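A.B. asks:
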Ligand code: PHE
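Residue numbers (this note's numbering): 5 to 348.
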């Protein structure tokens, strides 16, 4: 039995000697030292020996186990160190390789269009409205009633305007014209402000319509202001924005808060007035609504219509950007697809 043990010891030591990986070490441990391993099966046979022999052979078996455990530990340290070195070698980072580069973001064309338009009007003597005078969450009272909308006006309909469910008469503004009322309430004439912002309308989304869009409102109140002043300011704006003096036409229109009212068209930039798909064959594109501030509105905000008069205008930012850059689907503005944004 002692001889058997010696044989086991020698063959195990030889295996340890030639072991190359930590997996080899585990196999040796399993084969010799585990509960089902060779050493244990020898120990099971000790019961057949005499008391004397049991002592000697048992002690020797323990000694063999001890030697093997020590050797295995030594060898596995060496193997582990080698394996670690190899791993580090393979994971080495070459800091001299060129990187992936940064993908810079782009300014959304709506933002740059708003900035551009605001700058044009600043150049014409208007100043940017204070945020608190142009809120997106508004009362029905300021968005409609103060602007001279009759109580049964169709724009107030639940199908056109987003109403808050919990607070009665609270809405998402349907137009930036609410800024007119708040500005006239808080400032004395002369007033010359420009108010860009988001507006909301409950309509189905299509290539031409989104239920969130942007408007830029303008308001000027002073003494001796005429429709001629309005025309002069808007024509000058169109000349600067489109980069050339494009033919415009002022078409008579109606808004509850302006009288007289007009819608302004510019000659189609795609076909030069001949008529095409973009202008539906008319040769003209509508770009904004405008008019002289209605006497009723001035009275609502306690401005004396005998002394002061003024004009207001409101333009759709998406529409102006689509015309200038020949964009044919409004939804492109909101997707933030870099392939689209990169073009500006
Ligand atoms: N608020 C109007 C609209 O949304 C536009 C407008 C503004 C018209 C100011 C006249 C004066 O259609």
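From the three backbone atoms N, C-alpha and C, an ideal C-beta is built for every residue, glycine too.
Keep in mind the model is a prediction, meaning the values are calculated, not measured.
Of the choices 227, 153, 49, whose alpha-carbon is the least far from that of residue 258?
C.D. replies: Comparing Cα positions, the closest option is 153.
A.B. asks: Could you check the C-alpha separation between residue 226 and residue 105 for me, to the nearest Å?
C.D. replies: Whole-angstrom Cα-Cα distance: 55 Å.
A.B. asks: Would you please state the rounded distance, in angstroms, between the beta carbons of residue 222 and residue 198? I believe it to be under 8 Å.
C.D. replies: Indeed, because the Cβ distance is near 5 Å, the residues count as touching under 8 Å.
A.B. asks: Judging by CA-CA distance, which residue of 231, 337, 118 is the nearest neighbour of residue 298?
C.D. replies: The shortest C-alpha separation from residue 298 is found at 231.
A.B. asks: If you count every other CB in all the chains shown that lies within 10 Å of the CB of residue 102, and 16 or more means buried, which is it?
C.D. replies: Flag for residue 102 reads exposed.
A.B. asks: Do you know whose CA, among 212, 124, 260, 254, lies nearest residue 182's CA?
C.D. replies: Comparing Cα positions, the closest option is 260.
A.B. asks: With distances taken between CB atoms, is the gap from residue 229 to residue 305 smaller than 8 Å?
C.D. replies: No, the Cβ-Cβ distance between residue 229 and residue 305 is not below 8 Å.
A.B. asks: Can the beta-carbon of residue 307 be found less than 8 Å from the beta-carbon of residue 270?
C.D. replies: Not in contact: residue 307 and residue 270 (Cβ atoms no closer than 8 Å).
A.B. asks: Between residue 108 and residue 78, what straight-line distance do the alpha-carbon atoms span, to the nearest angstrom?
C.D. replies: Rounded to whole angstroms, residue 108 to residue 78 spans 54 Å at the Cα level.
A.B. asks: Going by the C-beta, is residue 252 closer than 7 Å to any heavy atom of ligand 1?
C.D. replies: Residue 252: no, Cβ never under 7 Å from ligand 1.
A.B. asks: Which of the three DSSP states, helix, strand or coil, is assigned to residue 341?
C.D. replies: Residue state, collapsed to three classes: coil.
A.B. asks: Does ligand 1 have a heavy atom nearer than 7 Å to the CB of residue 207?
C.D. replies: Not so, every heavy atom of ligand 1 lies at least 7 Å from the Cβ.
A.B. asks: Cβ atoms of residue 219 and residue 203: under 8 Å apart, would you say?
C.D. replies: The answer is yes: Cβ separation under 8 Å.
A.B. asks: For residue 17 and residue 63, what's the separation of their Cα atoms in angstroms?
C.D. replies: One C-alpha to the other measures close to 19 Å.
A.B. asks: Apart from the five residues on each side of it in sequence, which residues of its chain come closer than 8 Å, Cβ to Cβ, to residue 142?
C.D. replies: Hits under 8 Å: 174, 175, 176, 177, 182.
A.B. asks: Can you tell me where the alpha helix (DSSP H) holding residue 113 begins and where it ends?
C.D. replies: Its alpha helix (DSSP H) spans residues 113 to 127.
A.B. asks: Check whether the region 307 to 322 and the region 285 to 297 are in contact - that is, three or more C-beta pairs closer than 8 Å.
C.D. replies: Judged by Cβ distances under 8 Å, the region 307 to 322 makes contact with the region 285 to 297, as three or more pairs qualify.
A.B. asks: Take residue 279 and list the residues in its own chain whose beta-carbon comes closer than 7 Å to its own, dropping the five residues that flank it on each side.
C.D. replies: Within the same chain, residue 279 has close Cβ partners 285, 286, 287.
A.B. asks: Per DSSP, which one or two residues make a beta bridge with residue 220?
C.D. replies: Beta-bridge pairing links residue 220 to 200, 319.
A.B. asks: Can you tell me whether residue 84 is buried or exposed, with buried defined as 16 or more other CB within 10 angstroms of its CB?
C.D. replies: Counting Cβ neighbours within 10 Å, residue 84 comes out exposed, since fewer than 16 surround it.
A.B. asks: Does ligand 3 have a heavy atom nearer than 7 Å to the CB of residue 295?
C.D. replies: Here the bound small molecules are ligand 1; ligand 3 is not part of this structure.
A.B. asks: Look up residue 226 in the DSSP assignment and give the residues it is bridged to.
C.D. replies: In the DSSP output, where bridge partners are listed per residue, residue 226 has 313.
A.B. asks: Thinking C-alpha only, which one of 161, 11, 347, 245 is nearest residue 207?
C.D. replies: Considering only alpha carbons, the answer is 161.
A.B. asks: Report whether the distance from the Cβ of residue 201 to the nearest heavy atom of ligand 1 is below 7 Å.
C.D. replies: Every heavy atom of ligand 1 is 7 Å or more from the Cβ of residue 201, so no.
A.B. asks: Does residue 158 pass the burial test, meaning 16 or more other C-beta atoms within 10 Å, or should it be called exposed?
C.D. replies: That one is exposed.
A.B. asks: Under three-state DSSP, which class holds residue 209?
C.D. replies: It is coil, neither helix nor strand.
A.B. asks: If you scan the region 260 to 297 from start to end, which runs of the beta strand (DSSP E) of 3 or more residues do you find wholly inside it?
C.D. replies: Counting only runs of 3 or more, we get 262 to 271, 288 to 297.
A.B. asks: Report the residue from 268, 265, 14 whose alpha carbon sits nearest the alpha carbon of residue 71.
C.D. replies: The shortest C-alpha separation from residue 71 is found at 14.
A.B. asks: Any beta carbon from chain B within less than 8 Å of residue 280's own beta carbon?
C.D. replies: Protein chains in the displayed structure number just one, and chain B is not present.
A.B. asks: Taking Cβ to Cβ, would you say residue 42 is nearer than 8 Å to residue 49?
C.D. replies: Not a contact, by the Cβ cut-off of 8 Å.
A.B. asks: Evaluate residue 289 with the Cβ neighbour count: other Cβ atoms within 10 Å of its Cβ, from every protein chain shown; 16 or more gives buried, anything less gives exposed.
C.D. replies: That one is buried.
A.B. asks: Starting from the Cα of residue 342, find the closest Cα among 112, 33, 67 and give me that residue.
C.D. replies: Checking every option, the nearest Cα to that of residue 342 belongs to 112.
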